[in-house]
Structure formats: structure tokens, C-alpha cells
Amino acid sequence: MSRSNFSPSSLGSNLLLRTDSYKASHWMQYPPGTQTVFSYIESRGGAFSHSLFFGLQAYLREYLSTPVTIDDVDEATAIMAAHGEPFNREGWLRLIEKHGGRMPVRIRAVPEGSVVPVHNVLATIENTDPDFFWLTSYLETELLRAIWYPTTVATLSAAAKATLLRYLEATCDDPQGQIPFKLHDFGARGVSSLESAALGGLAHLVNFMGTDTVIALVAGRRYYDCDMAGFSIPAAEHSTITGWGRERESDAYRNMVAQFGKPGALFAVVSDSYDIFNACDRIWGTELKDLVVQSGATLVVRPDSGEPAETVLRVANILAARFGTTTNSKGFRALNNVRIIQGDGVTLDSLRLCLSNLYHNGFSAENIAFGMGGGLLQQVNRDTMQWAMKCSAMQVEGVWRDVWKSPVGDMGKASKKGRITLTRTAAGSVAACRLDDLPDGQADMLQTVFEDGEIVRQTTFDEVRARAAAGVGQVITSRAPL
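Note that the numbering used here has the sequence shown beginning at 1123, numbered continuously upward.
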């Protein structure tokens, strides 16, 4: 490919170049007679006790199902030669000749949406043709990346959901009706790429239905056959408020009510351009109160600066004094006509603190939603959950051998042995098990999803959401009360 023909959409089109440099030489390094290489992927711990598995199907549809071509081999040959790496040109040409460029590998995984304790195998990969034993490791770079990022975002989002549900169940009459829109994705502008926005944004929507990341909706349609994965409401930004001038701040807010204040509607207005407390007290709570109430809509006030927990509680108290509250059956107050969305500085810690402050001051969690941006989609990395893909078995000259590492300097990096799968015990816990030792009648939790260039099992986004909801529910019930 010449530079003149390059376009951003073609950057990742060549599978042979979606790897690490040193992978190009690994075909020369395995023991003589190697026929099969078997590897697994797991979270070795980190920030969460469980992982919510998601994202593999997107990778299989977008990338791994596309056959390798001679043009791909030619491009990789030239780049690797100039780069200083030996390249298995003959091996890749043989793959095109023998398999039409399709990957002779088998990938097995837990169903997407599964909530699994960390330190457990989530996916495995092995080559199915002995001529291509080197493929398993060659695919590690992008296969691990395809799993760790969306799974980590989905897990973080699920942790937020678990916290929100606990407070809703304690303070709200309809927690299940409230939860879908309690955490909104604000992260599209804060990520490093469009693909990150798509995959991370869709991973969040496994747990919630609120998003402003439009490309995530496209990903839902393309990869999981979901017509519409998320929803949003009309909302102001600072320019649409400050453009009126400070002296006409109330006119800017009045215009929002006029444009979007319809019976039963919701609309959000960022209200901290100058003084959030004055805006809530004197403008929303006094000058425009009757207009808001008579509109029949719900106004969502958005603070966007200050210390989150302190600001939210002060805003809630002002709005309660001006609009009044209704006490629900659990004895907690719900604001009349208005709600709050905190969209600045939201992390799992600040979210918990905001909810705790409201709880201890008698406010229901139904009064607040959260908008999470970089903290949701960008402030994660592979070490957040200590992701790894490791070889655990090889077949050499017809004999399977265990493969593992056990570094004396960090036993946390010790790897598993053998051709393994994941099973659920009679007691209901999950555990790794050798494929050859799986007890009769005991369920194999891993399913073959890709084999010899074809996707052989797919799932819908609705199915993913249902599994995730059940798993998050189990995690919540195992936690101590508030």
C-alpha cells in the first residue's frame, strides 16, 4: 500500500500487522515437532472481584472473519524486512493456499454478559491445523486487546450499577424502573479513538440505557444486532447558556423550558456557568419555578464544577426548599418537578460519596443520575484488572505437555497449566478444569464461538444484558447492607 493510497479506515485492515513486532520471529522459536499451542485469557485480579465479559463478538465480526490476502502478505513482508524482523512469508502464503486465508483456530469463551470471579479462564484459543501452531501466539496482541478493554469498561459500569442499585433499593419505591438511566455515558470526547468510543460505549450499555456516545449505537447494530441500544434527552451545554450573556442567564433557562418543557418530557440544563447555587435558588427556584411546574416536564439540573458530593447535597437542599419534596414509602424524600445529574468528576468513589451524602440527609437516590466520561471509558488500562493471555499447553510430536510460568519475583503472575476450561461445581462456584477431566454431567461454561475462519455461535445484545443483569444481581446480594 503506497502512502498516497492510505486512509484512516485502512489502518487496521491487515491482520498480519495487528500484532507486536517480536511475534514475527516466534514461529522460529518453538520446540521442534510443535503441532498445537493452547492459550487462555484471564483477569489476574486488580480493581474488581468479578469481571463482566464482553466484546469478543465485535472483534470476531469486524476483524477475524476477514480472510488474509496475498496483498496483506506482501505488505507485511516489506514492512517487517525494513523493520528488522524475520517474517514467515511462506507460512502465511501456505495459509492462503490451504485455508483460503481464513484462520485455522478455535476460540472458546464464556457467554458474553457472564459475571465471573477474577482469576478464572474466560476464553481460550488453539490452532486446529498443526501447520499453523504459531498462529495462537501471533493473534495474542489483538485478541487480548479486543477482550480487556470492553470487559474492563463493562465491569466498571457494572460496579457502578451495583452501588446505585443498593442505594435505590434502600431509598426508592421502584429501583428496577429507575436503574437503567442512572449512569449516563459522557465519554465520547474523552477517549483516544472512535473505536474506543464505540466499544467502550457499548460495553457501558450492557448495564445501562443512557448514553451520549452515538457511535456506540452503531456498534450495537453492527456487532450485536441491536436496533437501538441507548437513549438520551435534550440537554444544554455551556455555550448555549453563556451565549446569552451573564445578565440574561434566566432568559437562557427560560428558552430551554420553552423549547423542551413538554408534559412528561425530561430535559437537562447545565446551571453552573456562573453560580450554581444562585441559579437553583433565585432563577430556577423562584423566577422560573411556576414555568417549570406548569410545563409538566421534569427539569434536570446539572452542576458541572465544585466538589461533587458537597455540591450535589447543597443543590438538593436548595431545590427541596424551593420545589418541595414527596416522601416515599421508604421514608426518603423525592424532589418535586426536578432532578439532578452530576456529570463532573464522577468516579466510583465520588459516586458512592454523593449517594451516601444524600442517603444520610434523607434524600432518595431517585433524585440523582450521574454522567461519567473519561472515568468510564478512558481511565482504565490493561493493568486495571491485570489482564493476561498465557500459553498453558502444547502438543509436541503427538504428546500434550503442560506449559506454565512461575516467576520467583512475582507469584501473582504464575500461570495455569494444561488444556483448561471453566466449569460450575455442584456448590455453584466456578473453577478451572482440564478439558480431559471434566466430570460427567458437569457443565462446561466455555462455548466454541469461532472455528476455522467462521463464527459458529453468536449472541444478541438483549441476551448479553440479561446475563449481565443476573450476574450483577448475584454480586449485589452477596454484599453487606448499607
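Ideal placement from N, C-alpha and C gives every residue a C-beta, glycine not left out. Quick caveat, the model's predicted, so the values are computed rather than measured.
- Here F1353 is exposed. Its C-beta has fewer than 16 other C-beta atoms within 10 Å.
- For R1455, the CB contacts under 6 Å within the same chain, skipping 5 residues up- and downstream, are T1447, T1449, G1484, F1485 in chain order.
- Considering only Q1596, Q1464, S1537, the residue with the shortest C-alpha distance to G1167 is S1537.
- H1482: not part of any beta strand (DSSP E); member of the alpha helix (DSSP H) spanning 1470-1482, first to last residue.
- DSSP places E1573 within a strand segment (E or B) once states are collapsed to three.
- Non-local beta-carbon contacts of L1568 in its own chain, meaning distances under 8 Å to residues more than five positions away in sequence, involve R1230, A1231, V1232, V1243, A1245, T1246, T1543, L1544 in chain order.
- Separation of R1228 and E1576 (C-alpha to C-alpha, rounded to the nearest whole angstrom) is 9 Å.
- The criterion of a C-beta distance shorter than 8 Å is satisfied by P1226 and L1257.
- Look at E1429 here: in three-state DSSP terms it is coil, with no helix or strand label.
- When the Cα atoms are used, D1524 and G1453 turn out to be separated by approximately 60 Å.
- DSSP places H1326 inside the alpha helix (DSSP H), whose first and last residues are 1316-1327.
- The Cβ-Cβ distance between K1512 and Y1162 falls below 8 Å.
- Taking each of Y1152, I1398, R1267 in turn and checking the Cα distance to Q1179, the smallest one comes out for R1267.
- Annotated three-state conformation of W1406 is helix, per DSSP.
- Pairwise C-beta distances place the stretch 1399-1419 in contact with the stretch 1383-1391, as three or more of them are shorter than 8 Å.
- Between Y1346 and V1586, the C-beta gap is smaller than 8 Å, which places the two residues in contact.
- Of all alpha-carbon atoms in S1165, V1336, I1355, V1340, the one lying nearest the alpha-carbon of D1349 is that of V1340.
- With a contact defined as Cβ atoms closer than 8 Å, V1159 and S1259 qualify at about 6 Å.
- Taking a C-beta distance under 8 Å as the contact criterion, I1463 and V1422 qualify as a contact pair.
- Contact between the stretch 1301-1314 and the stretch 1357-1374 is absent, with fewer than three C-beta pairs closer than 8 Å.
- The continuous beta strand (DSSP E) containing Y1162 extends over residues 1156-1165.
- Within the DSSP secondary-structure output, A1553 pairs in a beta bridge with T1545.
- Boundaries of the beta strand (DSSP E) around L1457: 1455-1457.
- Counting the other Cβ atoms within 10 Å of the Cβ of M1494 gives 16 or more, which makes it buried.
- P1561 counts as exposed, since fewer than 16 other beta carbons sit within 10 angstroms of its beta carbon.
- For T1433, the closest C-alpha among the options D1403, I1405, A1443, F1399 is that of F1399.
- Per the coordinates, the alpha-carbon of K1535 lies some 18 Å from the alpha-carbon of T1263.
- Distance from the CA atom of G1323 to the CA atom of L1174, rounded to whole angstroms, is 14 Å.
- Just so you know, the alpha carbons of A1325 and V1336 end up roughly 13 Å apart.
- In this structure the stretch 1282-1291 touches the stretch 1593-1603; the number of beta carbon pairs closer than 8 Å is three or more.
- For T1250, the closest C-alpha among the options S1143, T1570, N1479 is that of T1570.
- Shown here for L1557: same chain residues with a beta carbon closer than 6 Å to its own, the five before and five after excluded, namely R1541, T1543 in chain order.
- Close CB contacts of L1186 within its chain, under the 7 Å cut and outside five residues either way in sequence, are with M1225, F1572 (chain order).
- Contiguous alpha helix (DSSP H) elements confined to the stretch 1487-1519 occur at 1496-1499, taking only those with 4 or more residues.
- Contact between W1270 and W1509 holds, since their C-beta atoms are separated by about 4 Å, short of 8 Å.
- Less than 8 Å separates the beta-carbon of L1499 from that of A1319.
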